[in-house]
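Trainee: To start, I am sharing the structure in question, which I have written as structure tokens.
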Ligand code: SF4
Ligand code: SF4
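Numbering (my numbering), first residue to last: 1254 to 1665.
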């Protein structure tokens, strides 16, 4: 019925349903019966990360987080909501573009080498709690891995098997700036279902035929006008909490026209080249491939793993490392993300999730770096310090002052 209605109308208002919170347990059980492993937010090691969620009890109910440049804290709050927190260090990238995969193997035996490409069936995953900026990040990686001249078969198989239950943010962290990047905080597209959590129910927006079908497995009703209004008020609460912004006007040219701006030196003095910003970023996609032999030398694996433009050897070519200082590596990261990404993929590489700000150990904030790069260059070359000449006092001193005689002699 609901699925047929979706097929016929595809009208957002018609497709706003509500269900009691306990029904989410039945939805998770239904997804498991369809063969999905459900992944969602969990509290682990004092952070909210993504892992297997089997029931509502696994969700970080009643927890909130606070974030600042270089700071992240989770704490128990006074509310009893299941999704009243913002993004942790994990992104969904790890499940679609895994940090380490085996591409091929080679085995030596008496007859010689045998080469194999392991068949890697894509796991059937359901993502629960995907935020608006993360939907945008998945869309960015789709452009990179699926819509360019080369399709990545590992990403493609995993992406096609994923079901997405998004959640609209109702609070924002101090590091969020999705409103500047036009990616949130309300989920617009790319989901099967999108939930907004109210006090005693979820309002669900159906975003696909598959979303309509899974919703039929639980008890739902049409959301009432007051409930729809309450959902809007809660979503607007997140918009109003967003304090951070980035001016994206003409940003491509601003960055590429300022490759010698002295601010690159200033930020390089702080950057540790630790790679944290690229590891937590949901859109960064750099990887390297290496061949690893076991101790016998008879079994070799070709491994692809996440890499980072902050690593010294990432830009190593035949004659040496191209970007051999932190200034050039930080500049490469920021200009690729916010400028040349537009040339390659017709969009920004940043979705405003704020993770790179929170997880940078020295609190480097790309929104502030962009603002500084917009300022006219001021040379940061330090001028030599010129010592002032010693003061010579010509006033007569008291004759009883023993130093007065010395001064008098010295000035003769
Ligand atoms: S660059 Fe930073 S704010 Fe932008 S998407 Fe990546 S982690 Fe998020
Ligand atoms: S900007 Fe921050 S997180 Fe990124 S490499 Fe430098 S110190 Fe590490």
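Beta carbons are placed, not taken as given, at the ideal position from N, Cα and C, and that holds for glycine.
Thinking C-beta only, is residue 1541 closer than 8 Å to residue 1560?
Mentor: Cβ distance < 8 Å, so residue 1560 and residue 1541 count as in contact.
Trainee: Can you list, in chain order, the residues of its chain whose CB lies under 8 Å from that of residue 1322, leaving out five sequence neighbours each side?
Mentor: Taken in chain order, the residues that qualify are 1428, 1610, 1611, 1613, 1616, 1617, 1618.
Trainee: What are the start and end residues of each continuous alpha helix (DSSP H) run of 4 or more residues lying completely inside the region 1541 to 1598, in chain order?
Mentor: Within the region 1541 to 1598, the complete alpha helix (DSSP H) runs of at least 4 residues are 1579 to 1588, 1594 to 1598.
Trainee: Leaving out five residues before and five after residue 1443 in sequence, what residues of the same chain have Cβ atoms less than 6 Å from its Cβ?
Mentor: Excluding positions up to five away in sequence, the list reads 1388, 1392.
Trainee: Determine, using beta carbons only, whether residue 1531 and residue 1563 come nearer to each other than 8 Å.
Mentor: Yes, the pair counts as a contact, with Cβ atoms nearer than the cut-off.
Trainee: Would you call residue 1286 buried or exposed, if buried means 16 or more other Cβ atoms sit within 10 Å of its Cβ?
Mentor: Flag for residue 1286 reads exposed.
Trainee: Evaluate residue 1337 with the Cβ neighbour count: other Cβ atoms within 10 Å of its Cβ, from every protein chain shown; 16 or more gives buried, anything less gives exposed.
Mentor: Residue 1337 is buried by the Cβ-count criterion.
Trainee: Scan the region 1364 to 1451 and note each continuous alpha helix (DSSP H) run of 4 residues or more that stays entirely inside, going in chain order.
Mentor: For the region 1364 to 1451, whole alpha helix (DSSP H) runs of length 4 or above, ordered along the chain, are 1385 to 1398, 1406 to 1413, 1431 to 1434.
Trainee: For residue 1385 versus residue 1270, is the C-beta spacing smaller than 8 Å?
Mentor: Not in contact: residue 1385 and residue 1270 (Cβ atoms no closer than 8 Å).
Trainee: For residue 1341, write down the residues that DSSP places opposite it in a beta bridge.
Mentor: None; residue 1341 has no bridge partner.
Trainee: Cβ of residue 1607 within 7 Å of any heavy atom in ligand 1?
Mentor: For ligand 1, at least one heavy atom lies less than 7 Å from the Cβ of residue 1607.
Trainee: Taking 8 Å as the cut-off, decide whether the C-beta atoms of residue 1344 and residue 1533 are in contact.
Mentor: In this structure, residue 1533 lies closer than 8 Å to residue 1344 by Cβ.
Trainee: Secondary structure at residue 1295, three-state DSSP: helix, strand or coil?
Mentor: DSSP places residue 1295 in strand when its eight states are reduced to three.
Trainee: Reducing DSSP to helix, strand and coil, say where residue 1286 ends up.
Mentor: Looking at residue 1286 - three-state DSSP - the assignment turns out to be helix.
Trainee: Taking contact to mean at least 3 C-beta pairs separated by less than 8 Å, is the region 1573 to 1583 in contact with the region 1359 to 1369?
Mentor: Judged by Cβ distances under 8 Å, the region 1573 to 1583 makes no contact with the region 1359 to 1369, as fewer than three pairs qualify.
Trainee: Over the uninterrupted beta strand (DSSP E) stretch that includes residue 1306, give me the two end residues.
Mentor: Run containing residue 1306: none; DSSP gives neither H nor E here.
Trainee: Under the assumption that residue 1423 contacts residue 1466 (Cβ atoms under 8 Å), give the Cβ distance between them as a whole number of angstroms.
Mentor: With 8 Å as the limit, residue 1423 and residue 1466 do not qualify as a contact, their Cβ atoms being about 27 Å apart.
Trainee: Beta carbon of residue 1620: closer than 7 Å to some heavy atom of ligand 2?
Mentor: No, since every heavy atom of ligand 2 falls outside the 7 Å radius drawn around the Cβ of residue 1620.
Trainee: Taking the runs of the alpha helix (DSSP H) that are 4 residues or longer, which of them lie wholly in the region 1472 to 1538?
Mentor: Listed in chain order, the complete alpha helix (DSSP H) runs (minimum 4 residues) inside the region 1472 to 1538 are 1478 to 1494, 1504 to 1509, 1516 to 1523, 1529 to 1533.
Trainee: Assuming residue 1324 is part of the alpha helix (DSSP H), what are its boundary residues?
Mentor: Segment 1324 to 1329 is the beta strand (DSSP E) holding residue 1324; no alpha helix (DSSP H) there.
Trainee: Compare the beta carbon distance of residue 1508 and residue 1588 with 8 Å and say whether it is the shorter of the two.
Mentor: For residue 1508 and residue 1588, yes; Cβs fall inside 8 Å.
Trainee: Mind checking whether the beta-carbon of residue 1623 lies closer than 7 Å to any heavy atom of ligand 2?
Mentor: No, Cβ of residue 1623 sits at least 7 Å from all heavy atoms of ligand 2.
Trainee: I need the DSSP call for residue 1348, collapsed to helix, strand or coil.
Mentor: Helix.
Trainee: Specify whether the region 1307 to 1320 and the region 1399 to 1408 touch according to this definition: at least 3 beta carbon pairs, one from each stretch, less than 8 Å apart.
Mentor: As far as the Cβ criterion goes, the region 1307 to 1320 does not touch the region 1399 to 1408, which means the pair count is below three.
Trainee: With distances taken Cα to Cα, identify the nearest neighbour of residue 1299 among 1620, 1341, 1371, 1555.
Mentor: Per the Cα distances, 1341.
Trainee: Which residue wins for smallest C-alpha separation from residue 1380, given the options 1405, 1348, 1543, 1397?
Mentor: Answer by Cα proximity: 1348.
Trainee: Which residues does DSSP pair with residue 1301 in a beta bridge?
Mentor: DSSP lists 1296 as partners of residue 1301.
Trainee: With DSSP run on the structure shown, which of helix, strand or coil describes residue 1615?
Mentor: Note: residue 1615 maps to coil in three-state DSSP.
Trainee: On a Cα-Cα basis, can you pick out the residue from 1283, 1375, 1315, 1324 that is closest to residue 1330?
Mentor: Among 1283, 1375, 1315, 1324, the Cα nearest to that of residue 1330 belongs to 1315.
Trainee: Exposed or buried, residue 1268, counting other C-beta atoms within 10 Å across all chains shown (16 or more means buried)?
Mentor: So residue 1268 ends up on the buried side.
Trainee: Per DSSP, residue 1320 is paired with what?
Mentor: According to DSSP, which records beta bridges pairwise, residue 1320 is partnered with 1325.
Trainee: Report back the beta-carbon spacing between residue 1445 and residue 1416 to the nearest angstrom; my notes put them in contact at under 8 Å.
Mentor: Right, their Cβ atoms sit about 5 Å apart.
Trainee: Within its chain, find whatever has a CB closer than 8 Å to the CB of residue 1654; leave out the 5 residues flanking it on each side and keep chain order.
Mentor: Interpretation of residue 1654 is limited by its pLDDT of 48, a score under 50 that renders its predicted location unreliable; the figure taken from the coordinates is listed afterwards. For residue 1654, where only same-chain residues beyond five positions count, there are no Cβ hits under 8 Å.
Trainee: Specify the secondary structure class of residue 1600 as computed by DSSP and reduced to three states.
Mentor: Residue state, collapsed to three classes: coil.
Trainee: Heavy atom of ligand 1 less than 7 Å from the Cβ of residue 1535, yes or no?
Mentor: Yes, the Cβ of residue 1535 comes within 7 Å of a heavy atom of ligand 1.
Trainee: Say yes only if the C-beta of residue 1667 is nearer than 7 Å to one or more non-hydrogen atoms of ligand 2, and no if none qualify.
Mentor: No information on residue 1667 is available, as it lies outside the stretch 1254 to 1665 that the chain covers here.
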